[in-house]
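J.:
Numbering (this note's numbering), first residue to last: 20 to 88.
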């Protein structure tokens, strides 16, 4: 049950970053990215996500975030 909650949280924060990036809002994207990075790292630490999966998600979101700025 907890894993489902954590996975849903990760999906939602990733979506927030993508939506902010689509609007070309550098400030919102940066804030959303920091939130997403934290949530993904916590999920990996708890074992909900594999550490390499988490790293890959963070790297791709970082690339997207820096392309907006």
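Backbone N, C-alpha and C fix where the C-beta goes; we use that ideal spot for every residue, glycine too.
Got a sec, what are the start and stop residues for the alpha helix (DSSP H) residue 57 sits in?
T.: Taken as a continuous stretch (DSSP letters only), the alpha helix (DSSP H) holding residue 57 covers 45 to 65.
J.: Would you mind giving the Cβ-Cβ distance between residue 28 and residue 58, rounded to the nearest angstrom? I have them listed as a contact below 8 Å.
T.: 6 Å
J.: Taking C-alpha atoms, which residue in 62, 88 and 85 lies nearest to residue 22?
T.: 62
J.: At the level of alpha carbons, what is the spacing between residue 45 and residue 82?
T.: 13 Å
J.: Can you look up residue 80 in the DSSP assignment and give me helix, strand or coil?
T.: helix
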